[in-house]
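Numbering (my numbering), first residue to last: 3 to 135. Glycine residues also receive a C-beta, built at the ideal position from the N, C-alpha and C atoms.
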């Protein structure tokens, strides 16, 4: 969650802010979401399931939101509580543009369970990932 320095918000208020931000990420409402981050919401904040804003934007195929979150410093390899990565989520959902953006940002195709590489293979998207070196 947000942490100890939450601007004097109660735990309930903090949870509400995080939930609103997560909804903005799911919906691809980039401008509103980036305002939350610019006003102090940690870019890698997690919900109760360990999902980050980047995870949700990636899974829902919002390329512009993914670009904006990465530009604000989001970690492309943070996995959720189920050990899923944003890259694997994008590949699972067929969000090819998002997968390319995440790879260009350095996302690890071999991290998580299942790995992005496994998801790409399963869903016919191996061309989106580089061969292992």
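With 16 other CB atoms within 10 Å as the buried threshold, where does residue i fall?
i           : result
residue 132 : exposed
residue 41  : exposed
residue 56  : buried
residue 12  : exposed
residue 91  : buried
residue 109 : buried
residue 107 : buried
Cα separation between residue i and residue j?
i           : j           : result
residue 101 : residue 60  : 8 Å
residue 122 : residue 17  : 34 Å
residue 87  : residue 19  : 23 Å
residue 114 : residue 105 : 15 Å
residue 83  : residue 49  : 10 Å
residue 21  : residue 99  : 26 Å
residue 81  : residue 47  : 12 Å
Should residue i and residue j be called a contact, given that it needs their Cβ atoms to be closer than 8 Å?
i           : j          : result
residue 111 : residue 89 : yes
residue 32  : residue 66 : yes
Please work out which residues of its chain come closer than 8 Å, Cβ to Cβ, to residue i, disregarding the five sequence neighbours upstream and downstream, and give them in chain order.
i           : result
residue 6   : Any reading at residue 6 must be qualified, since the residue scores a pLDDT of 48, below 50, and its modelled position is unreliable; no value is offered.
residue 125 : 93, 94, 96
Could you name the residues of the same chain whose beta carbon sits closer than 6 Å to that of residue i, not counting the 5 residues immediately before and after it, in chain order?
i          : result
residue 75 : 45
residue 26 : 34, 35
Enumerate in chain order the residues of its own chain whose CB-to-CB distance from residue i is below 7 Å, with the five nearest sequence positions on each side excluded.
i          : result
residue 71 : 45, 55, 56, 59
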